[in-house]
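Engineer: Quick note on numbering that gives the first Met the number 0: the sequence shown kicks off at 0 and runs consecutively.
C-beta: ideal position from N, C-alpha, C; glycine also.
What you are looking at is a predicted structure, and each value in this text was computed from that prediction instead of being measured.
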Amino acid sequence: MKKEIIVKLMMVDHWTEQPIGTLHGGVSALIAEDLGSMGVYLASGRRKVTGIEVCISHLKRAQVGDIVQAEATPLNPGTTIQAWEVRFWKIDSTSSGNKSLLASSSVTVLCNMSGNAKDGQNNVKQAKL
0 MKKEIIVKLM
10 MVDHWTEQPI
20 GTLHGGVSAL
30 IAEDLGSMGV
40 YLASGRRKVT
50 GIEVCISHLK
60 RAQVGDIVQA
70 EATPLNPGTT
80 IQAWEVRFWK
90 IDSTSSGNKS
100 LLASSSVTVL
110 CNMSGNAKDG
120 QNNVKQAKL
């Protein structure tokens with residue numbers, strides 16, 4: 000992790016594939032929300048956060064054995080709501096290290112969660128969605 004960027008590498012395997020042998024879109028969405036939420040958690044001073052929207056567009060496919068890199072960067076580092084972009088890249092297996100864009104995602108996260116769950120409704124009302 001660098002300042003304002005979180006990176007995750009993974010290999011597509013039998014745990015993350017669809018029956019046709021390609022990366023499952025649900026796995027991409029899960030990773031997008033995970034990285035976006037982690038970025039907001041760290042950027043907000045380790046406050047409680049919760050994802051409120053994930054939108055993902057799959058542009059190409061990754062097959063079993065492919066290495067995928069996900070990179071999360073902030074779009075709007077607000078104090079109540081933050082938006083992060085998560086891009087998924089297929090890493091070329093040759094030594095060239097070229098990347099091709101597989102998917103692009105936006106993740107919106109509420110970052111003013113209180114310490115008590117009962118106050119959660121107040122936070123949502125004040126979020127100015």
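(1) Let's test the definition: count the other Cβ atoms within 10 Å of the Cβ of residue 110 and tell me whether it reaches 16, buried, or not, exposed.
(2) Confirm, please, whether the CB-CB distance from residue 16 to residue 73 is below 8 angstroms.
(3) According to the neighbour-count rule (16 or more other Cβ atoms, all chains shown, within 10 Å of its Cβ), is residue 107 buried or exposed?
(4) Could you tell me the boundaries of the alpha helix (DSSP H) in which residue 10 lies?
(5) Taking residue 105 and residue 57 to be in contact with their CB atoms under 8 angstroms, please state how far apart those CB atoms are, rounded to whole angstroms.
(6) Does the segment 34-45 touch the segment 86-102, meaning 3 or more C-beta pairs lie closer than 8 angstroms?
Structural biologist: According to the structure data:
(1) With 16 or more Cβ atoms within 10 Å of its Cβ, residue 110 is classed as buried.
(2) A distance of 8 angstroms or more separates the beta carbons of residue 73 and residue 16.
(3) The residue in question, residue 107, is buried, as its Cβ has 16 or more Cβ neighbours within 10 Å.
(4) Looking at the DSSP string, residue 10 is not in any alpha helix (DSSP H); the run it does join, the beta strand (DSSP E), is 5-10.
(5) About 14 angstroms separates the two Cβ atoms, so there is no contact after all.
(6) The segment 86-102 vs the segment 34-45: no contact.
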